[in-house]
Structure formats: C-alpha cells, structure tokens
Amino acid sequence: MAANDEPRPLHFIRQIVADDLASGKHGGRVVTRFPPEPNGYLHIGHAKSICLNFGLARENRGGVCHLRMDDTNPSKEEQEYVDAIIRDVRWLGFDWGDKLFYASDYFDRIYEYALDLIKKGKAYVCDLTADEVRDHRGTLTEPGKGSPHRNRSIAENLDLFTRMAAGEFPDGSRTLRARIDMASPNINMRDPVMYRILRAAHHRTGDKWCVYPMYDYAHCVSDAIEGITHSICTLEFENHRPLYDWFLDALETPHHPQQIEFARLNVTHTVMSKRKLLKLVKEGLVRGWDDPRMPTIAGLRRRGFTPESIRDFCERVGVGKNESLVDIALLEHCLREDLNKRAPRVMAVLKPLRVVIENYPEGMVEEMDAVNNPEDSSAGTRKVPFSRVLYIERDDFMEDPPRKFFRLAPGREVRLRYAYFVTCTSAVKDPATGEVVELRCTYDPATRGGGAPDGRNVKATLHWVSAAHARDAEVRLYDHLLSAEDPDDAGEGDAFMSAINPGSLQALAGCKVEPGLAAAAPGAFFQFERLGYFCADSEDFRPDALVFNRTVGLRDTWARAQGRKEPQARG
RNA sequence: UACCCGGUGGUGUAACGGUAACACAGCAGGUUUUGGUCCUGCAUUUCGAGGUUCGAAUCCUCGCCGGGUAGCCA
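Shown next, in the form of structure tokens:
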C-alpha cells in the first residue's frame, strides 16, 4: 500500500493534479470519485480506475475519493450489484469513509437544476418519438434539424416538464432536451436528451420518479454537487466533455470539475465489457460472476489473486491516452512476485504415482523438517511425515528419459525434498496397458534431510507426500477463458464467443496433499512446491472435501523447453 | 465522408528542446535441497515526408495508420 514511499513517474493525470495543486485551482483540494453503474460486477479494468481515483486521493494530502453509484437507469440496475461493488472496492484495499453516494440521492436537485435550465431558455420539452429524434439528429457528416418544439415558451416547457414528472404522459412520449446546436459537428451537442419518461421501479427511489435524467446531464451535476475537482473517465467520453462543460456553465454551478479522460485497460485473452461477461454468466459458460476464470474482481479473488498484486499491476500498466492491450503475463508476474514472498510452501501431488522404498522399514514414520518459506525466515518450519510408501508426480518419472530430463528414471538417483536420496530400481507396469503404476526404489539412510555426507549430488529434487498420511483433494486447473489474444478483434457483438477455450477448466480428482492442508482456511493461499500457487476454494473447500484452485503456475522452463503441446490447463 | 483523440522495442510505459530508458515477455549463462526465487548478460524502439532549431520522440505543416462518436445506455 505504498502511499508516498517511492518517487513515481508522474503520469499525465498526476501531473494535472500536481499543477492544479500548485496553482490553487480548486482551492488546493483533490476530490475524485469512482462512479460505477450498478449493472454488473467490477472487473480488472475497473480496478485500474479504482486505483487511479482512490490513489490520487490517497497520495495527495487531504485528498478524498467518493464511491458513487451511477444509478440513473432503473431498468438495468440492481441491489446485488451495489453490494458486490462495495465488497470489491473494499477488498481491493480502498476506503471512502462516509462518502458513499448514489446519483439517485440527487434526483431532487437534478430536477430543480433542470427547471433552472428551462427558465433560462436552455432546455425544452420535445414531443418527438425516439425515431423522429434520431432522424432530426442528422448524421456524422450532415447537420441535424431543429425539433418543431424547440421554441416552445418557457411557461409551456415548465408546465409540460412538471407534468412529465407527475406521470401525465406515457413512457417515451416526450423528453426534456437541452437547447444547444443542432448543427454542431459534435453530435453530443445536438440538443441532447436530458430526461426520459420511464416507469420502472428504482432500486432506491422505488416508484417516486417516472422521469430519469440521462448520464450526460446527471453526471456533471452530480460531480458538481459533490465538489469533485477531477472527474476522471475513459476515452469514449472525450466527445462528451464539451457537453459536460456546457451544462455546468449554463447552470452556473458553484463548482466546475475538470473532466479528464484516460485509456481503459484491456488485457490479453479476456474481454472487459459487462455485456459480454454477463453473457458468459447467463449462458453457463462459467459458474458465475466469481468464476475463477473471470476477469472480475470477484473472480480474481476466488482464483487466489491478492489485492496487492492487482494494485501493483494497475500501477505498472500506467495511465495514458493510447488504446492498449496489456499482456496478461504482466498480471501473472505481479501475482507471483507477491506470492513468492508470502505464500507458505507445501507439498502436493497432482497426478500421483505410487513409490515404495523397499529398504525402508515397514511401519516406520519419520517427521521431516520442512521450511515453510525460503523467502521469509520468520515463516519457520513444519514437520512432514515420511514413510515407506509415497506418492510422487507422474511427470517426475520417465522410463526412457530424453537427454535433459533430470528427474527420476530407472537406475537414477534423485532427492526427495527434505527427506532422502532415493534410487529407482524398477517400474511396475499394468500388464494389460503397459502403464507404469508403481515405482520400486531404495533410499540412502545417510542422506536424511536431503544432504549427502559424501558430497555427491543429484540433478533433481522431487516433491512427495506420504501415502498413509496424505489427504485426497480436488484441484482445479485453469487456462485462459478465451484462447485468442485479443478476442474483441474477432468482430462486433458476440464474435468473441468463437474464442472460448473449451479446456479452460480442468478439475483433477484424487490429488494427494500434505496432511496439514486439511486445516487450511477457505481462501488461504499456498505454493505447492514445484507446481505453482494455489488457494483453498472460498466456496467449495471443506475440511473433509479439500478443493484447491491453481491461481498461477510457477515459471516452468522445463515445460517450456519441452514445448508442451498437451492440451493441459496451464497458467 | 464530419468532428475528436492517439501513434516510442514483441507488449506496456518513461524521457517535459540536449546521450532514447524502465518493466514484462523472449533468449543465453551463473547460483540453488523448488527446472521456483535471485544474479549476470544479449537481442529488439521514436509511423512517414518536409520545416523550425546549434540540437527534435518532443515544436509546426502535410500525409499515413489506429481508435471513438449518429441510445429516450453509461
């Protein structure tokens, strides 16, 4: 949670804020806001905006960041989303104190401001249908035509608008529009709609209103009401800035926030649009908004990402104005870097292969000392039971190994981590299939703990788990949900669906884990040595039914060298 | 075709008229009781053409390329 610890490069928004602070532009204050619409779950793209807005407030003395639900369209918004947003922003590590607001809190004032605008002759009630409005708007290259109702008297506009709000007219029959310029090259300025008639129960105001303000009008007014200094949004609102300023100038509001636009975050192998994510949820392609394959904050959390790593990622991707596609490898790097320092090491075997140490006494059990985290000596050590029958990873044995394979093979000696050197004497095969089902080995009692008194060395150290003491577990391996690097590149609409990776989830049953893992807390993270970072699933993990998610694999130069083509869930 | 915004290694971001750099990814070594971590090294960059200037990634002009915009969505 670095606040002012390190000198950071000043990206253009920090620069603007610093300049404004220096010139006293907003009375030396920094007030930002994160304004999600509660119509879906927050995703990694929102995390960038959250870190930016809350970060700006945090890193400047006296700065504040409001959390504001932009709930001006009751037909799409739900309380479930409000709750999820609050949970996610808080989990990311940000605090808004008592500054939790809703655009709907301001409906009365927004309405009063609309009346003001009418009185100034700058807004009028228009009776055109939606289709007619579109026809009058013109096109990108042709100017629009004025509405026939553009020059109604102020008195008539006042009367009509109050009656709109009173429920005298059917949905969609009239709108309140700003009177600006139908010939403006900026289509947003061609008498934009300010209010529409819409009879839908609002999650907060119920049926109090049947007219709801549009984004362009409500947002700038909400910002002004809250005394926002820097109103940060994404690039697609750049063309709306003249309108943002027009409303606030026309209304002569006490505050006039500055709208600043930045490029939204895109990440490879994923989609960010709420509509698309909703589709994945609704079509059952994922288990829900919090499916560990989803780029949602809830999904990343369940997958095992830490808030620290996400914040670090958001800082590293930078803030700019050019559209970019960030390699998901950077996110994974941030995660590994964080987890490497903090995750307790533990041994788990995903694809077990039975090993019998023939010269190890039957019935004997030794408690081996294992280091919990070589990156953190304060993490201490633990005891791991060792006995005559063990499991090792199937991938750690090859009957006929290629040149650079360092692991176990017939006649070869390797180290069992924190235990002994063992030598494979033979492989037992299933006579029917020829599959190796068991390894017979011998151990060297002099190598207890993993060191050889005679100084000889081995080329590999394997993880293992004692068969008699192991606990069964289900382990879920994940790969990219979308196999295309840029799924949106496939085209408009639902074209991204063609990039769905059918192998994005691979659930392994019968995995064998260290006994201590039965006591794991749901959500707790670990490094399964030599495999990757895993977490106890926050929903499905129970002491008698262990379920782990692979958060991200370790860097694996061996697998890469092999150029693995197996359709194996990675990552 | 109108308006707006952008174009720096494979990716992302810096350099604020003065030696183009950092991170990720890639490759090659070293260390190692995790083929992890860590350490070292390598390769790859200013969209193009003019102009201003002693000097341009940076300023100007014109191109080219990419994105956004015609919801009573946000």
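Numbering (numbering that gives the first Met the number 0), first residue to last: 0 to 570. Idealized CB from N, CA, C, for every residue including glycine. The structure displayed is predicted, hence computed values, not measured ones.
Determine the contact status of residue i and residue j, defining contact as a CB-CB distance below 7 Å.
i           : j           : result
residue 217 : residue 254 : no
residue 146 : residue 127 : yes
residue 389 : residue 451 : no
residue 269 : residue 30  : no
residue 260 : residue 225 : no
residue 215 : residue 197 : no
residue 550 : residue 149 : no
residue 485 : residue 500 : no
residue 100 : residue 135 : no
residue 117 : residue 157 : yes
residue 258 : residue 240 : yes
residue 364 : residue 439 : no
residue 507 : residue 546 : no
Please return the same chain residues whose Cβ sits closer than 7 Å to the Cβ of residue i, not counting the five positions on each side in sequence.
i           : result
residue 557 : none
residue 321 : 262
residue 4   : Low confidence applies to residue 4: its pLDDT is 37, below 50, so where it sits in the model is not reliable, and the reading given next is rough at best. Within the same chain, residue 4 has no close Cβ partners at all.
residue 0   : Low local confidence applies: a pLDDT of 35 at residue 0 is under 50, so the model's placement there is unreliable, with the coordinate-based value given in what follows. These residues qualify, in order along the chain: 92.
residue 78  : 202
residue 108 : 224
residue 306 : 90, 91 and 92
residue 193 : 113, 122, 175, 176, 177, 212, 213 and 216
Under a three-way DSSP split, which group does residue i fall into?
i           : result
residue 6   : Note that residue 6 scores a pLDDT of 49, beneath 50, so its modelled location is shaky; the value from the coordinates is reported in the next line. Here residue 6 sits in coil by DSSP.
residue 428 : strand
residue 206 : coil
residue 463 : strand
residue 531 : strand
residue 574 : Since the displayed the chain opens at 0 and closes at 570, residue 574 lies outside it and no answer follows.
residue 68  : strand
residue 384 : strand
residue 288 : coil
residue 29  : coil
residue 582 : Here the chain has residues from 0 to 570 only, and residue 582 is not among them.
residue 81  : helix
residue 336 : helix
residue 396 : strand
residue 316 : helix
residue 417 : coil
residue 16  : helix
residue 407 : strand
residue 110 : helix
residue 324 : coil
residue 48  : helix
residue 245 : helix
residue 454 : coil
residue 53  : helix
Return the bridge partner residues of residue i from the DSSP annotation.
i           : result
residue 222 : Per DSSP, none; premise fails for residue 222.
residue 258 : 230
residue 212 : 194
residue 437 : 353 and 427
residue 295 : 42
residue 470 : 512
residue 422 : 412 and 441
residue 300 : Looking at the DSSP assignment, residue 300 forms no beta bridge with any residue, so it has no partner.
residue 477 : 504
residue 100 : 67
residue 389 : 354 and 465
residue 266 : 325
Between residue i and the rest of its own chain, which residues show a CB-CB distance below 6 Å, the 5 nearest in sequence each way excluded?
i           : result
residue 309 : 46
residue 131 : none
residue 142 : 182
residue 393 : 350 and 352
residue 232 : 260
residue 221 : 102 and 105
residue 564 : Low local confidence applies: a pLDDT of 40 at residue 564 is under 50, so the model's placement there is unreliable, and no value is given.
residue 83  : 40
Which same chain residues, not among the five before or five after residue i, have their C-beta less than 8 Å away from its C-beta?
i           : result
residue 271 : 42, 43, 44, 263, 264, 265 and 294
residue 398 : 408, 409, 426 and 435
residue 511 : 347, 348, 351, 390, 464, 466, 469, 470, 471 and 472
residue 120 : 153 and 178
residue 555 : none
Say yes only if the C-beta of residue i is nearer than 6 Å to one or more non-hydrogen atoms of the ligand ZN, and no if none qualify.
i           : result
residue 100 : Among the components modelled here there is no ligand, and therefore nothing to report on the ligand ZN.
Length-filtered (3 minimum) beta strand (DSSP E) runs lying within the stretch 341-376: Considered as a whole, the stretch 341-376 harbours 351-356 and 365-370 as its complete beta strand (DSSP E) runs of no fewer than 3 residues, in chain order.
Ordered list of beta strand (DSSP E) runs contained in the stretch 484-561, each at least 3 residues: Taking only runs of at least 3 residues, the beta strand (DSSP E) segments lying wholly in the stretch 484-561 are 504-512, 524-527, 531-535 and 545-552.
Sequence ranges, beta strand (DSSP E) only - wholly within the stretch 114-182, length at least 3: DSSP runs (the beta strand (DSSP E)) wholly in the stretch 114-182: 122-125 and 174-177.
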